[in-house]
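Peer 1:
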Amino acid sequence: MRVGIVKIVESALAAAKNAGQIKAEKLPDIIIEKSKKEEFGDFSTNLAMLLAPLEKKAPRQIAEIIAGNISKEKYVVKCEVAGPGFINIFLDKSYWLSILEDILKSGKDYGKGNIGAGKKVQVEFVSANPTGPLHIGHGRGAAVGDTLANVMKAAGYDITKEYYINDVGRQMETLGRSVYLRYLELLGKEIQFPEDSYKGGYIKDVARDMLTKFGEKYKDTPEAEAISVFSKFAGSALLKNIENDLKDFGVEFDAWYSEKSLHEKGLVADTIEELRKRGFIYESEGALWFKTTEFGDDKDRVLIKADGSKTYFASDIAYHRDKIDRGFDSLIDIWGADHHGYEGRVRALFKALGHDDQALKIIFIQLVALLRNGVPVAMGKREGEFVTLRQVMDEVGKDACRFFFLMRKSDAHFDFDLELAKSQAPENPVYYVQYCHARIRSIIGFAQEKGIKIPESFDLKLLEKLDQKEEADIIKHLASFPEVIERSAVHMEPHRITFYLMELAGLFHPYYNKNRVVTEDADLTAARLLLCDAISKVAANGLALLGVSAPEKM
RNA sequence: GCGCCUGUAGCUCAGCUGGAUAGAGCAACUGCCUUCUAAGCAGUAGGCCACUGGUUCGAAUCCAGUCAGGCGCACCA
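Take the first sequence: its position 405, counting from 1, is numbered 583 in the numbering used here, and each next residue is one higher.
1. Can you grab the Cα-Cα spacing for the pair Ala537 / Gly246, in whole Å?
2. Could you check which residue in Pro206, Leu724, Ile632 has the C-alpha nearest to that of Ala700?
3. To which residues of the same chain is Asp476 closer than 7 Å at the C-beta, ignoring the five residues directly before and after it?
4. Please state whether the Cβ-Cβ distance between Val304 and Tyr341 is less than 8 Å.
5. Can you list, in chain order, the residues of its chain with a C-beta nearer than 8 Å to that of Thr223? Leave out the 5 residues immediately preceding and following it.
6. Quick one: what does DSSP say Thr338 is sitting in, helix, strand or coil?
7. Check whether the Cβ atoms of Ile621 and Val695 sit closer than 8 Å, and answer yes or no.
8. On the three-state DSSP scale, how would you describe Phe581?
9. Let me know the secondary structure DSSP gives Gly558 once reduced to three states.
10. Alpha carbon to alpha carbon, how far is Ala433 from Ser414? Give it in angstroms, no decimals.
11. Please list, in chain order, all residues of the same chain as Thr470 whose beta carbon is under 6 Å from its beta carbon, the five residues on each side excluded.
12. Kindly list the residues whose CB is nearer than 6 Å to the CB of Ile420, restricted to its own chain and excluding five residues on each side of it in sequence; keep chain order.
13. When DSSP builds the beta bridges, which residues end up paired with Gly285?
14. Just how far apart, CA to CA, sit Leu549 and His591?
15. Could you spell out where the alpha helix (DSSP H) holding Ala700 opens and where it closes?
16. Between the beta-carbon of Ser487 and the beta-carbon of Ile541, is there less than 8 Å?
17. Please identify the residue among Phe411, Gly428, Ala704 whose C-alpha is closest to the C-alpha of Leu641.
18. Enumerate in chain order the residues of its own chain whose CB-to-CB distance from Asp507 is below 6 Å, with the five nearest sequence positions on each side excluded.
19. Is there contact here, the region 313-325 with the region 354-374, by at least three beta-carbon pairs under 8 Å?
20. Give me whichever residues DSSP pairs with Ser439 in a beta bridge.
21. Given this structure, state the Cα-to-Cα distance separating Cys257 from Tyr689, to the nearest angstrom.
22. Using a threshold of 8 Å, state whether the C-beta atoms of Ser493 and Leu440 are closer than that.
23. Could you check if Pro400 is buried or exposed, using at least 16 other CB atoms within 10 Å of its CB as the buried criterion?
24. Could you tell me how far apart the beta carbons of Glu664 and Ala333 are, in whole angstroms, since I believe they sit closer than 8 Å?
25. With DSSP run on the structure shown, which of helix, strand or coil describes His533?
26. Which class does Asp595 belong to by DSSP, given the choice of helix, strand or coil?
27. Which value, in whole angstroms, describes the spacing of the CA atoms of Met585 and Val546?
28. Is there contact here, the region 283-290 with the region 709-729, by at least three beta-carbon pairs under 8 Å?
29. Leu724 to Leu466, Cα distance in whole Å?
30. Closer than 8 Å by C-beta to Lys425: which residues in its own chain qualify, once you throw out the five before and the five after it? Chain order, please.
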């Protein structure tokens with residue numbers, strides 16, 4: 179584990195300080211990286227160059243001092259100073275043995291860490307309005323949110339995944355009316371559809387369900403009453419669909435939080451009242467305003483409109499206030515990039531309530547452009563012909579869909595090519611990674627058929643058999659897995675896991691092609707089987723974080 | 001006009017709180033299946049890290065400005 183390397187350097191640094199060789203009070207964070215070239219050893223650190231200004235000495239001079247101390251540490255066979263002041267560390271083979279043992283022993287737990295221990299974090303994502311099916315953009319948010327939650331859990335954080343349901347307001351009324359009108363149409367009435375009504379085919383489906391369930395019951399009901407009934411029915415039906423889509427996408431939430439419940443519990447009124455007491459509320463032109471400009475927002479925002487109805491923003495601040503009150507150490511919101519204009523006003527709430535808005539982290543998901551063989555697929559809600567998550571999932575499969583969404587960092591636009599995602603060709607990264615796992619399981623199966631027993635664990639004698647550069651590279655990469663998880667969690671960048679896995683597969687496949695695992699040499703066979711087993715375990719653990727399956731056969 | 005995101009090989013993208021000669025896949029060209037899965041592998045070629053300044057031992061990375069693309073600037077949700 180590279181964590182172990184940090185310990186080695188820390189220990190050497192402490193020794194140098196005790197001996198009076200280093201004086202600086204505040205030591206910089208220790209950064210270790212895999213050496214880029216073989217001659218630079220196994221690991222390198224730029225520590226001396228960071229320390230130089232503090233010590234007021236030349237980097238190389240400090241490097242010599244630290245290197246001398248590192249040389250005395252366990253597992254270190256050699257430690258050199260190079261270039262402008264890099265410290266290159268060469269480790270004993272037994273170090274790698276401890277890594278492999280750790281992987282084989284830990285199994286599914288390998289990679290987990292505790293950097294997040296004791297920290298309660300809420301991740302809120304998707305939160306799409308229940309007025310229609312999830313589209314492809316929601317899918318990206320779902321993949322990022324769910325994977326981030328998995329990664330942070332693996333890093334020791336206490337994670338709650340939450341979905342906020344916008345189940346009140348005009349959109350719900352529009353939904354109710356849209357379904358109601360379709361219902362009347364089904365009963366043979368001539369209907370004029372208002373400009374703002376929802377026109378997707380799913381509206382007709384819900385109307386048909388209403389008809390099946392209630393017959394002509396609402397044919398002559400007063401419109402307002404009917405719309406209320408239809409709104410409720412449609413909202414819960416569409417939410418059920420969303421929940422099903424997400425479930426099939428491998429996403430399950432810990433909590434579903436209803437906007438309506440905020441109003442019912444009086445939390446919206448409470449929040450406004452608290453802001454009023456704090457002096458950030460005023461009336462103007464018949465509306466009630468929140469003075470967000472006090473906190474850097476572009477303009478003040480309306481909470482209660484002149485017609486007496488509350489804005490979406492009013493419930494949103496009540497919701498975030500409630501999140502704060504629930505005692506999370508950190509709140510993560512995952513929003514579509516088209517909502518970035520809301521950041522300032524939500525942060526204003528935190529500041530107005532006297533909370534540190536740094537506790538809130540907003541991840542913006544950039545847009546997804548759907549392509550087919552490089553040609554854009556028509557999108558846009560206008561005609562109700564937008565591409566749904568369900569359609570894409572059905573076409574390319576859950577695994578490819580999730581994996582693809584995690585192949586880009588969130589703040590980069592993403593071109594999703596359906597044909598590439600479907601293709602069973604080497605240029606499709608999903609298959610490349612899954613194939614790595616399946617191939618190894620197949621090799622292990624082959625060995626077992628031949629009656630070869632995989633040893634329980636590594637010993638030095640077996641490790642000596644793994645004397646190729648490719649094998650050392652693989653083991654080093656396996657060793658960095660826990661740290662990749664940790665950094666992925668700390669930086670909240672789940673795509674790092676995807677790249678880690680592509681790199682792992684990229685190390686394994688060439689190795690496989692060059693070397694035979696099962697041979698006449700019993701020790702060599704055992705050693706390589708153990709290495710392969712370790713690779714497949716790490717691949718499986720990584721894929722599990724992404725919510726992508728690790729098939730035994732392909 | 002203001003704000004946010006993006007700009008790295010022909011294409012799609014990595015590049016971890018600044019580090020040693022900037023990486024991968026695809027496309028192109030040359031090869032590899034009687035051997036544990038060819039959904040794979042080996043090799044060749046490909047670069048003013050958008051541009052200009054600044055910060056320092058050191059910049060694709062940080063700062064300022066410029067240019068280009070996307071998105072957002074409601075008493076909408």
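No residue lacks a Cβ here, since even glycine has one placed at the ideal position from N, Cα and C.
Peer 2: According to the data block:
1. 42 Å
2. Ile632
3. Gly522
4. yes
5. Val187, Ile208, Ile209, Ile210, Glu211, Phe264, Ile265, Ile267
6. Here Thr338 carries a strand assignment [DSSP, helix/strand/coil].
7. yes
8. helix
9. In this predicted model, Gly558 has a pLDDT of only 48, less than 50, meaning its place in the structure is not dependable; the value taken from the coordinates is given anyway. DSSP places Gly558 in coil when its eight states are reduced to three.
10. 16 Å
11. Asp478, Arg479, Arg523, Ala526
12. Leu312
13. Gly285 is not bridged to any residue.
14. 13 Å
15. 700-724
16. no
17. Ala704
18. Within the same chain, Cβ atoms closer than 6 Å to the Cβ of Asp507 are found at Lys297, Lys298, the five residues on either side in sequence being excluded.
19. No, the region 313-325 does not touch the region 354-374.
20. Answer by DSSP bridge pairing: none, since Ser439 is not bridged.
21. 29 Å
22. For the 8 Å CB-CB criterion, Ser493 and Leu440 form a contact.
23. exposed
24. 5 Å
25. coil
26. strand
27. 12 Å
28. Because the criterion of three Cβ pairs below 8 Å is met, the region 283-290 and the region 709-729 touch.
29. Per the coordinates, the alpha-carbon of Leu724 lies some 45 Å from the alpha-carbon of Leu466.
30. Excluding residues within five positions, none has a Cβ falling inside 8 Å.
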